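Have a look at the structure below before the remarks.
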Amino acid sequence: MRLRCPLCGERDIREFSYTGAAVLAHRPAPDSGEAAWDDYVHLRENPAGETRDLWYHVSGCGAWLVVTRDTVSHAVHTVELAAQ
Amino acid sequence: MRYSALRILKEGLTGNRGWKPVWRDPAPKSEYDIVIIGGGGHGLSTAYYLAKEHGLTNVAVLEKGYIGGGNVGRNTTIVRANYFLPGNSEFYSHSLKLWEGLETDLNYNVMHSQRGLINLFHSDGQRDAFARRGNAMINRGDDAVLLDREGVRKHLPYLDFDNVRFPIYGGLLHPRGGTARHDAVAWGYARGADGRGVDLVQNCEVTGIDVNGGKVQGVRTSRGVIRAKKVGIVVAGRSGQVAAMAGMRLPIESHILQAFVTEGLKPVIDHVVSFGMGHFYISQSDKGGLVFGGDLDFYASYAARGNLPMKEHVMEAAMTLMPVIGKAKVLRSWGGIMDMTPDGSPIIDRTGIDGLYIDCGWCYGGFKAVPGSGFAFAHLIAQDGPHASAAKFRLDRFRTGRGLMDEEGTGAQHNLH
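The listed protein sequences derive, respectively, from chains A and B.
Everything in the first sequence is counted per the working numbering, starting at 1 for the first residue and increasing by one.
Everything in the second sequence is counted per the working numbering, starting at 1001 for the first residue and increasing by one.
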């Protein structure tokens, strides 16, 4: 698997660190309650098919990336900067 | 049909014409007392113990493929009880005791081989950690022997003891650890459950779970609607998708774990050896193939195959630890789909729906749990309350933060196990 970093171009997967589902980029407010935080930290859609997850270009430019890819075929559709 | 040496002799002398299929292939009935979704190791053992321990035989196991075709046939067959934390410790201890009586219980040769498992350590700090783990195992009533460097050398003379980065300081020997023939475990439980009247329904994919008024009514399948008073979900690897049919979201992310096997060799590795610092472990199958693996690929996947970087890492770790196997040719590699929970420990619990139970989250350790998980899940379904050995495998421990079982001590967070 290779990822096309928007800043660095296509790179080997070993340059990136996987963090988890892209919901992690949308942290709930501190007072939004136990259920919202359980949902954010633990519960996952875990799809077989298209998924969006958060990767860190740790051995590259240090950008946080949202990767849209297929968990069954390992095809990578898009790689976007999480900041956008 | 009971198996015995006499029977084998008789069949051998008469052209082996008397053997029969060891389980039926029934069509599903329209209603059961209990439906188990998933005909893997855990589903089959659940059905077996429902019948044997609780006398419940109006039971169906629904398998979307064929018996033994999922993760129970895709693992590296290791059986051990060397856990540290309360919760895991009593569960795996109980499971190992079931393993030790399994062949007699099932009248089936599962080739359970207690050849001993050695976890290597490479620093003073790691020695202390393993000494502590060994003491926890002994306190639980299991066995553990702390070996120094020369002690390890007696067992495993072929290791590279003087590796510059990871010199071997010693190892924790778990003499009752070992391996079993994975397919035979599935077949033995299938035969045992079928023989007690359980219907094992193959090629029967569950497509929906019917819930009415907070109570489970049954399941919809590719072979029609099946009503049931109780339904157990035990489909590790696909838990999220099946739970979603009942409107549930789980604290699980599916990951890929690769495994490898070489060509058959003469006996060279007598134990199960694990090299934690390199994320590498190995044993030799009775056919002679070296069976080994490493860590997760570390991204969510259902592909049942991994990527090349982890293959390279595992091979490097193997060469670091035991250069002796360097010329063995790898025949196959494959990936298993792992139900990863945030704390790396499993779940056997009721759900928020009456009559619906779930057994999931086995991470990369499901095979050794097959007897214990089935025993505890059968108890949960039959008695509507947890078995003592699995009472801490609660679904709500993540939400409440109470009773997390994080063996690695890295934190109860998805990407850390």
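Just so it is clear, CB atoms sit at the ideal spot from N, CA and C, and this is done for glycine as well.
Being a predicted model, the structure only gives us computed values, none of them experimental.
Residue-chain proximity (residue i, chain A), Cβ-Cβ < 9 Å
i	result
R1249 (chain B)	yes
A1299 (chain B)	Looking at the sequence itself, residue 1299 (chain B) is Tyr, so the reference to Ala does not match. Yes, Y1299 (chain B) lies at the interface with chain A (some Cβ there is under 9 Å from its Cβ).
P1346 (chain B)	no
H1279 (chain B)	no
A1390 (chain B)	no
Y1364 (chain B)	no
Y1092 (chain B)	no
E1253 (chain B)	yes
F1398 (chain B)	yes
A1412 (chain B)	yes
Q1241 (chain B)	yes
A1303 (chain B)	yes
R1227 (chain B)	no
N1307 (chain B)	yes
R1238 (chain B)	yes
N1415 (chain B)	yes
P1157 (chain B)	no
P1342 (chain B)	yes
Residue i, buried or exposed, once every other Cβ within 10 Å from all chains shown has been counted against 16
i	result
W1019 (chain B)	exposed
I1008 (chain B)	exposed
N1139 (chain B)	exposed
C8 (chain A)	exposed
G1355 (chain B)	buried
L1147 (chain B)	buried
Q1284 (chain B)	buried
H1379 (chain B)	buried
V58 (chain A)	exposed
G1171 (chain B)	buried
G1141 (chain B)	exposed
T51 (chain A)	buried
L1395 (chain B)	buried
N1082 (chain B)	buried
D53 (chain A)	buried
V79 (chain A)	buried
R1017 (chain B)	exposed
K1215 (chain B)	exposed
9 Å Cβ cutoff, residue i in contact with chain B
i	result
R14 (chain A)	yes
P47 (chain A)	yes
P44 (chain A)	Pro is not the amino acid found at residue 44 (chain A); the sequence shown has Arg there. It does: the Cβ of R44 (chain A) has a partner Cβ on chain B nearer than 9 Å.
A21 (chain A)	yes
E80 (chain A)	no
T51 (chain A)	yes
T71 (chain A)	yes
E34 (chain A)	yes
V41 (chain A)	yes
H74 (chain A)	yes
D31 (chain A)	no
Residue i (DSSP reduced to helix, strand or coil)
i	result
T68 (chain A)	strand
Q1284 (chain B)	strand
K1392 (chain B)	coil
G9 (chain A)	strand
V1185 (chain B)	helix
V1273 (chain B)	strand
H77 (chain A)	strand
T1014 (chain B)	coil
G1240 (chain B)	helix
Y1299 (chain B)	strand
G1306 (chain B)	coil
V1152 (chain B)	helix
S1424 (chain B)	The requested residue 1424 (chain B) does not occur in the structure, where chain B is confined to residues 1001 to 1417.
Q1258 (chain B)	strand
T1410 (chain B)	coil
Task: Cβ contact (3+ pairs, closer than 8 Å) linking the region 1291-1307 of chain B and the region 1065-1081 of chain B - done: Yes, they touch.
Task: Three-pair Cβ contact test at 8 Å for the region 1188-1203 of chain B versus the region 1058-1065 of chain B - done: The region 1188-1203 of chain B vs the region 1058-1065 of chain B: in contact.
Open item on the list: Is it the case that the region 1103-1115 of chain B contacts the region 1171-1182 of chain B, given that we only count it when at least three CB pairs across the two stretches are under 8 Å?
Closed with: Output reads yes: the region 1103-1115 of chain B touches the region 1171-1182 of chain B.
Open item on the list: Check whether the region 1319-1330 of chain B and the region 1264-1276 of chain B touch, using three or more Cβ-Cβ pairs below 8 Å as the test.
Closed with: Yes, they touch.
Task: Segment contact, 8 Å Cβ cut-off, at least three pairs: the region 1301-1309 of chain B with the region 72-80 of chain A - done: Yes, since at least three Cβ pairs between the region 1301-1309 of chain B and the region 72-80 of chain A fall closer than 8 Å, the two stretches touch.
Task: beta strand (DSSP E) runs contained entirely in the region 1076-1147 of chain B, provided each spans 3 or more residues - done: Whole beta strand (DSSP E) segments, 3+ residues: 1117-1121.
Open item on the list: Assess contact between the region 1240-1254 of chain B and the region 39-46 of chain A, defined as three or more Cβ pairs (one per stretch) separated by less than 8 Å. Is contact present?
Closed with: Judged by Cβ distances under 8 Å, the region 1240-1254 of chain B makes contact with the region 39-46 of chain A, as three or more pairs qualify.
Open item on the list: Can you confirm whether the region 1184-1194 of chain B touches the region 1126-1138 of chain B when touching is taken to mean that 3 or more C-beta pairs between the two stretches lie within less than 8 Å?
Closed with: The region 1126-1138 of chain B makes no contact with the region 1184-1194 of chain B: fewer than 3 CB pairs, one atom from each, lie closer than 8 Å.
Task: the region 1251-1260 of chain B contacting the region 1226-1235 of chain B, beta-carbon criterion three pairs below 8 Å - done: Result no; under three Cβ-Cβ pairs closer than 8 Å.
Task: Sufficient close CB pairs (3 or more, under 8 Å) joining the region 1339-1354 of chain B to the region 1022-1040 of chain B - done: No contact exists between the region 1339-1354 of chain B and the region 1022-1040 of chain B.
Open item on the list: Three Cβ pairs or more, each shorter than 8 Å: is that satisfied between the region 1395-1403 of chain B and the region 1367-1385 of chain B?
Closed with: With contact defined as three or more Cβ pairs closer than 8 Å, the region 1395-1403 of chain B and the region 1367-1385 of chain B are not in contact.
Open item on the list: Ignoring anything shorter than 3 residues, give me the beta strand (DSSP E) runs that lie fully in the region 1317-1376 of chain B, in order along the chain.
Closed with: As far as the region 1317-1376 of chain B is concerned, its whole beta strand (DSSP E) runs of at least 3 residues are 1330-1340, 1347-1350, 1356-1360.
Task: Three or more C-beta pairs below 8 Å linking the region 1002-1017 of chain B and the region 11-25 of chain A - done: With the cut-off at 8 Å, the region 1002-1017 of chain B and the region 11-25 of chain A do not touch.
Task: Cβ contact (3+ pairs, closer than 8 Å) linking the region 1082-1100 of chain B and the region 1203-1222 of chain B - done: No, the region 1082-1100 of chain B is not in contact with the region 1203-1222 of chain B.
- [ ] Can you check the region 15-46 of chain A for any beta strand (DSSP E) of at least 3 residues that lies completely inside it and give the ranges in chain order?
- [x] Counting only runs of at least 3 residues, the region 15-46 of chain A fully encloses the following beta strand (DSSP E) elements, listed from N- to C-terminal order: 17-21.
Open item on the list: So within the region 1178-1235 of chain B, which uninterrupted alpha helix (DSSP H) runs reach at least 4 residues, ignoring any that extend past its ends?
Closed with: Listed in chain order, the alpha helix (DSSP H) runs fully inside the region 1178-1235 of chain B are 1182-1195, counting runs of at least 4 residues.
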